[in-house]
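Residue numbers (this note's numbering): 2 to 1145. For each residue, glycine too, the CB sits at the ideal point set by N, CA and C.
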C-alpha cells in the first residue's frame, strides 16, 4: 500500500504520510473479502491517521468522485456488521464518522441513516445491532444537526431504539440511552418525540434505570434523564408515572407508586460519588420545576436522609448537588415535620467543617445558605440542638465563617448566625453561654466590614529401655492388631494412644532401631502402626467433612513416606525447614515433610507437644514459605495441619512478619473453600483474628465456620454456669478476642445478616454475653453505627414482603435492643440514635401485626429510647415517632388485635402475640404521656374503644397478667389526661355494661363521662382482685402497677366528682383487701404496694379502712427498720406515706 509499488493507481492517490499511503489501494484492501483482518485493521489505522492529520488531501481525492465516496462508505458500513473484533469495530466507527464529517455532504449522512434502517430491520438478533447504535451515537456527537435530521426525516429509527431498550443486554441498552439522550437534547427532538416518550418510552426507561447494573448503562440513563428533566412536561410525566399492569406483575420493578424518587434514592446508596452526584443533580432538576408539587414524593421516599449521608464525602461536585437539592426541599414544610432535619443536622454541620477546608467560595456560600434556611424554617416544637456537642460544633463553624476574609461568605455567615440565635435553637440546657458570647463578639467585630453590601507413659518408659528390636516389634504389632480385632473401639483406642504419646514413642523407636535401613521388619511394623493410627484419628476427628478422596491421598502419603522417616525428632524438625534444590523436584523431601507435619498435627491435637513451641512455629513457617517460593501446591490436609500447628504455637513464637503473612494469604486465596483447612479450635480462631492482614480477608469466613461448628446449647449452659471471667473466657474463647479487637464486632454483625438463622442466633448469644460483661461505651457506639448502615441498606433494597421473610432480621433487632439495654441509666441521644429511631419506625411501618418476631424487639427499642434519655432528647424522639404515620397505623392495628386474637390455652404463659400486645400498649401509653407533656405535633391519630379497654381489665377473659398491667398503664395515661388527647380518639358509647337493660344516664354518669358509675365500681373490684392475685405470686413490680392504676382512677374521680371519689375510697372491701395483703408475715406493712395503698386511704380520709392504730404500727415498724437497707421502691413509698400522714 505504499505509494511507489502500488501498481497502476498513479501518484495522485498517494497521501503524504510516512510511509506514504495509496488511498486507492486502501479502498481495495478494505473491500477485498480474502484480505486478513489484521491487514484491514492496519489499513483502517492508516486511514484514521490520514483523516486526523491530512484530512484536506483525503477530501480533495474523494470529494470529486461521488461513486468512490459511496463505495468506501458502503464498504466500511458493511464491515461494521461483519467484523467481531472490538478494536476493529472502534476503528471502523471512528473512520466512518470522520469521513462523513470531513466530506461535509448530507447525502453521505443520509446514506448511512438509510443503511442503518435497513440493517436494523433485517438484524436476526438485537445483539447484532450494537455497532449500528454505537455509530449513530458517535455521529450525533460529531454532527450538530444530526438529532433534527433523525427525528424529522428518519423517525422510523426511533422504534428500533425502543426495542433495543427492552433487550436484555446492558451494552445495547447503554448505546440506545446515549442516542436517546442526543435526540432529546435538541428542541426538535423534544417536540417531535414528546408523544413517543409519554406513550411508550417513559415506563420502559424508568425500569431500565432502576434495574441497571453496569456503570456505563447507569451513566447513560442519567444522561438521558438529565435532558428529559429540562422539560416541565416530561418532569410531570415522570413524577406522575404509575405502574402498568405488566410492571406490577414484574417482581424486579421498584416498589412504590412513584418509581423515580426510589430509583434516584437507590443510586445514592451505590457509594459511587459520580452516580450520587448525578442522582442528586437530577433530583434538583425535578424540584426546581415546582418544589411544592414534587418535594413530597421525595420526602415520603425518605430521600433526604440519604442526601444528608452523602454530605460526609470529599467530592465538591457531590456536596454542591446535595446542597442544592436539600435547599429546594426546605421549601416544603413536610421536610421539617417528618424530622429529616433532626436526622441530618449533625451531617450538615460536619459537612460544613470539611467544606471550609476547601478553596471553594461558592460551596461555602451554598452550604451556609442551606444551614440558614433550615435554622429559619425549623418548627419551634422540634429541637435541633439538644446535643451540646453538635451545638458547639455548629458555633465553631459559624465562628470560622464569620471571620472568613471573603466578604460574601461572611455575609452569609452572619445571616446564619441570626437564624441560629433564635430562642428555641439555643434554649436547650446546658446552654453553651461561653461559646455563644465569643460568637456574638465575632459578629460585632465584622459589622463594619459587612455594612456595605455584605486467640501409658510408663509403657513408653519401658520400651525406651528395651534393648531387643524384636520385642518392640511384637508389642507394636500387637497394638496394630487391636485396631481390627475390636473395630467399634478403634477410634476411642486411637485417641487414647495419641494422648499417651505413642506417636512420639514410635518415631523415637524408628530413629533408634531403623536408621540406615536396619531392622526393616520393625520399620514396617512401626510405619503401618502410625499409618493406621493417623487414619483412625482422621475419621474420628473429621466427621463433618471426611472425604474418601482425601483419606485415600493421606493413606498413600503415609504408606510411602513413613518407612523413610527414620530420623530423630530434632533431625525431622530441621528437615521440615529445609528448602528443596531449586532446579529439581525433591519428592522424597516433600514426602518426609508432609508425613512429619501430619504426625505433629495428630499428636498436638491430643496434647502430646513433644517439640518446643517456638521451634515448631519457626519450622512450620519456613515450610510454608519454601513451598510457596517453589510453587508447590500443598494439599488441603497438609495445609490444615500446618495452620493448626502455627496456631497452637503462636503464643510462644515471634509474630509473623509481612512476608510470612503475605505467603499465607496467597496460599489461602488459592483455595476454593476455606473450610478445607479449618480446624475448630480456639487457637486457630485467634490466629486468624490477631493479624489484621488475615482478619480483613478471611475473618468473616473463619467466624462463619466457627459458629457453624460451635455447639450453641452447650455454650449457653456453660455461660450460665460460669461465674468468673476466666471460666467464661475458657467456655467461650471468642470473648477475650472481642475485648482486645472490637472491630470484629462488625464482622459478627455481618454474620447476623448474611448467615443461616442458626448461626445468627449463636452470634447473638455470644454478643449478648460480651455486652453484659464489657463496659466499653465505644463498643456500643460502633455497633449502633453499623446497625444504622445495615437497616438503611435493608429498607432501601427490600420490599415489605422481603423484610417479613428475612429470618435474620429479628436476630439483628434483638441485638440492637440488647445494645440499648447495655446503656445503663439516662443518656443523651446522638444523631445515630435518632437515625436508628427513624429507620426502626420505617421498618415497623412495613410490617403486619403478625410479624411478632420483627415487631417485638422494634417496639421495645422505641419504648426504651423514650425512657432512657434526657428530657430534651426525649422531646425530639417523640417528634420522630409521631411523625411516622406508618408506625402509628401499625400501632393502631396492634391495639385492635387485643380484642381479635383468641386467648392462649394456657393463660399463665405469655405468647409472642401477647408479648407484642404488651409492648404496643406500653409504647402507646408513653406516646400519650410525652405528646401531652411536650405538645408535639400529631400527624396521625389513634382510636381506642374505651368499652373494650374497660371490659378487658374488668372481666380479664384469660388475658395474661402482664398484658392486663400494660393496658392499665394505657388506662392511667388517658385518665391523667381526662380522656382528652390530640393523639387519641376515644370511641364507643357510654352505656351500661348490661346492654340488654340499658339504664338512664345518672347525674354521676354525666359527671364521670366517658366513664359510668357501674364501670367504675366493676373496675375497682377487678383491680382489687388483680392486686391479690399478683401479691400471692410475689410479683412486686406488677402489684405496684395495679396500685398505681387504682391511685390514678381515684384521682380522676376526685376531679370529676369528689363524693364519688370518697365513696369509692371508703368501700369496706378495701379493708378485707388490706388484711389479705398484710397476711404475708412480719413487716408486711413495709411493702411498696401496701404502703402506697394505705397512702391512698389516708389521703382520701378512709378511716373505716385504716385506723390510727394501724398508722402508728406502720410508723413503729419503720422506726425499727434500717432505712438505708430498704429497697429504693419501699423507701420512696414510705416517704410518701409519712408525708401524707403529716398533712392530715
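Inset, instruction - Apply the 10 Å Cβ neighbour rule to residue 1038 and answer buried if 16 or more other Cβ atoms are within range, or exposed otherwise. - result: By 1-based counting over the chain shown, the position of residue 1038 is 1037. Residue 1038 is exposed by the Cβ-count criterion.
Legend entry - Chain-order list of residues whose beta-carbon lies under 8 Å from that of residue 499 (same chain, five-residue window excluded): Position 498 of the chain shown, counted from the start, is the residue given in the question as residue 499. 534, 538, 603, 604, 606, 607, 609, listed in sequence order.
Inset, instruction - Pull up the distance between the alpha-carbon of residue 688 and that of residue 673, whole angstroms please. - result: Residue mapping note: residue 688 aligns to position 687 of the chain shown, counting from 1. Residue mapping note: residue 673 aligns to position 672 of the chain shown, counting from 1. The alpha-carbon of residue 688 is positioned some 20 Å away from that of residue 673.
Inset, instruction - Assign residue 828 to one of three DSSP states: helix, strand, or coil. - result: Here residue 828 refers to the residue found at position 827 when the chain shown is read from its first residue. Of the three classes helix, strand and coil, the one that applies to residue 828 here is strand, per DSSP.
Legend entry - Residue nearest to residue 649 in terms of C-alpha spacing, selected from 630, 619, 292, 213: Position 648 of the chain shown, counting from 1, holds the residue named residue 649. With distances taken between Cα atoms, residue 649 lies closest to 619.
Inset, instruction - Would you give the residue range spanned by the beta strand (DSSP E) that residue 985 belongs to? - result: Position 984 of the chain shown, counting from 1, holds the residue named residue 985. Looking at the DSSP string, the run of the beta strand (DSSP E) that includes residue 985 is 985-988.
Inset, instruction - Could you work out which residue in 680, 579, 589, 653 is closest to residue 630 when comparing CA atoms only? - result: Numbered from 1 along the chain shown, position 629 holds the residue referred to as residue 630. Cα-wise, what sits closest to residue 630 is 579.
Inset, instruction - Kindly indicate the opening and closing residues of the alpha helix (DSSP H) around residue 1036. - result: The sequence position of residue 1036 within the chain shown is 1035, counting from 1. No alpha helix (DSSP H) contains residue 1036, which DSSP labels as neither H nor E.
Inset, instruction - Out of 662, 852, 685, point me to the one whose CA is closest to residue 641's CA. - result: For the purposes of this step, residue 641 is taken as residue 640 along the chain shown, with counting starting at 1. Here the closest residue by C-alpha is 685.
Inset, instruction - Report yes if the CB atom of residue 811 is closer than 8 Å to the CB atom of residue 858, and no otherwise. - result: Numbered from its first residue, the chain shown carries residue 811 at position 810. Numbered from its first residue, the chain shown carries residue 858 at position 857. Cβ distance < 8 Å, so residue 811 and residue 858 count as in contact.
Legend entry - Anticipated Cβ contact below 8 Å, residue 367 with residue 324, distance rounded: On the chain shown, position 366 is the one that residue 367 refers to. On the chain shown, position 323 is the one that residue 324 refers to. About 5 Å; that satisfies the 8 Å criterion.
Inset, instruction - Kindly identify the DSSP beta-bridge partner or partners of residue 946. - result: Looking up residue 946 in the chain shown gives position 945. Its beta-bridge partners are 988.
Legend entry - Simplified DSSP assignment, three categories, for residue 635: Within the chain shown, the letter at position 634 stands for residue 635. Looking at residue 635 - three-state DSSP - the assignment turns out to be coil, as it is neither helix nor strand.
Legend entry - Closest by C-alpha distance to residue 1075, when choosing among 65, 666, 1025, 1036: Taking the chain shown and counting its residues from 1, one reaches residue 1075 at position 1074. Nearest option by C-alpha distance: 1025.
Legend entry - Meets three-Cβ-pair contact criterion under 8 Å: the stretch 326-338 and the stretch 376-384: Result yes; three or more Cβ-Cβ pairs closer than 8 Å.
Legend entry - Option nearest residue 28 by Cα separation, candidates 154, 473, 64, 70: Against the chain shown, residue 28 aligns to sequence position 27. Closest by C-alpha distance to residue 28, out of 154, 473, 64, 70, is 70.
Legend entry - Residue span of the alpha helix (DSSP H) that contains residue 14, given as start and end: For this step, residue 14 is matched to residue 13 along the chain shown. Counted as a single uninterrupted DSSP element, the stretch harbouring residue 14 is not any alpha helix (DSSP H), since DSSP gives it neither H nor E.
Legend entry - Distance, residue 416 Cα to residue 423 Cα: Counted from its first residue, the chain shown places residue 423 at position 422. Counted from its first residue, the chain shown places residue 416 at position 415. Residue 423 and residue 416: Cα-Cα distance of roughly 12 Å.
Inset, instruction - Mind checking which residues open and close the alpha helix (DSSP H) that includes residue 167? - result: As a working mapping, residue 167 is identified with position 166 in the chain shown. That run of the alpha helix (DSSP H) goes 158-167.
Inset, instruction - Check whether the stretch 97-117 touches the stretch 71-78, counting contact only when three or more Cβ pairs, one atom from each stretch, lie closer than 8 Å. - result: yes
Legend entry - Of the listed residues 48, 36, 1099, 364, nearest to residue 24 (C-alpha basis): Reading the chain shown from its first residue, position 23 is the one you call residue 24. Of the listed residues, the one whose Cα sits closest to residue 24 is 48.
Legend entry - residue 929 vs residue 984 beta-carbon contact at 8 Å: Counting from one through the chain shown, the residue named residue 929 turns up at place 928. Counting from one through the chain shown, the residue named residue 984 turns up at place 983. Yes, the pair counts as a contact, with Cβ atoms nearer than the cut-off.
Inset, instruction - Could you say if the stretch 1112-1131 and the stretch 1058-1076 meet the contact criterion of at least three C-beta pairs nearer than 8 Å? - result: no
Inset, instruction - For residue 704, I'd like the list of residues in its chain whose CB is within less than 7 Å of its CB, leaving aside the five on either flank, ordered along the chain. - result: Numbered from its first residue, the chain shown carries residue 704 at position 703. Around residue 704: 748, 749, 752.
Legend entry - Cut-off 6 Å between Cβ atoms - residues of its own chain near residue 99, not counting five sequence neighbours on either side: Here residue 99 refers to the residue found at position 98 when the chain shown is read from its first residue. Scanning its chain for C-beta atoms nearer than 6 Å, with the 5 sequence neighbours on each side dropped, one finds around residue 99 the residues 52, in chain order.
Inset, instruction - Return the bridge partner residues of residue 222 from the DSSP annotation. - result: Translated into the one-based positions of the chain shown, residue 222 becomes position 221. DSSP links residue 222 through a beta bridge to no other residue.
Legend entry - Simplified DSSP assignment, three categories, for residue 22: Taking the first residue of the chain shown as position 1, residue 22 is located at position 21. It is a strand residue.
Legend entry - Beta-carbon proximity check, residue 532 vs residue 510, cutoff 8 Å: Locating residue 532 in the chain shown gives position 531, where the first residue counts as 1. Locating residue 510 in the chain shown gives position 509, where the first residue counts as 1. No.
Legend entry - Simplified DSSP state of residue 770, which is helix, strand or coil: For the purposes of this step, residue 770 is taken as residue 769 along the chain shown, with counting starting at 1. Note: residue 770 maps to helix in three-state DSSP.
Inset, instruction - Return the CA-CA distance between residue 621 and residue 647, expressed in angstroms with no decimal places. - result: Within the chain shown, the letter at position 620 stands for residue 621. Within the chain shown, the letter at position 646 stands for residue 647. The alpha-carbon atoms of residue 621 and residue 647 are separated by roughly 7 Å.
Inset, instruction - Alpha carbon to alpha carbon, how far is residue 875 from residue 456? Give it in angstroms, no decimals. - result: Here residue 456 refers to the residue found at position 455 of the chain shown. Here residue 875 refers to the residue found at position 874 of the chain shown. With a pLDDT of only 35 at residue 456, under the threshold of 50, the placement of this residue in the model should not be trusted; the figure read from the coordinates follows. The straight-line gap separating the alpha-carbon atoms of residue 456 and residue 875 is approximately 42 Å.
Legend entry - Under 8 Å between C-beta atoms of residue 190 and residue 152: As a first step, residue 190 is located in the chain shown; it is residue number 189 there, counting from the start. As a first step, residue 152 is located in the chain shown; it is residue number 151 there, counting from the start. A contact, by the Cβ cut-off of 8 Å.
Legend entry - residue 400 to residue 835 span [Cα, whole Å]: The sequence position of residue 400 within the chain shown is 399, counting from 1. The sequence position of residue 835 within the chain shown is 834, counting from 1. Approximately 27 Å, taken between the alpha carbons.
Legend entry - Length of the line joining the Cα atoms of residue 706 and residue 676: For the purposes of this step, residue 706 is identified with residue 705 of the chain shown, where counting begins at 1. For the purposes of this step, residue 676 is identified with residue 675 of the chain shown, where counting begins at 1. Whole-angstrom Cα-Cα distance: 7 Å.
Inset, instruction - Indicate the three-state DSSP secondary structure (helix, strand or coil) for residue 507 in the structure shown. - result: Residue 507 sits at position 506 when you count from the first residue of the chain shown. Residue 507 sits in a helix when the DSSP states are folded into three classes.
Inset, instruction - Report the residue from 634, 144, 1134, 792 whose alpha carbon sits nearest the alpha carbon of residue 111. - result: Counting from 1 along the chain shown, the entry for residue 111 is found at position 110. With distances taken between CA atoms, residue 111 lies nearest to 144 out of 634, 144, 1134, 792.
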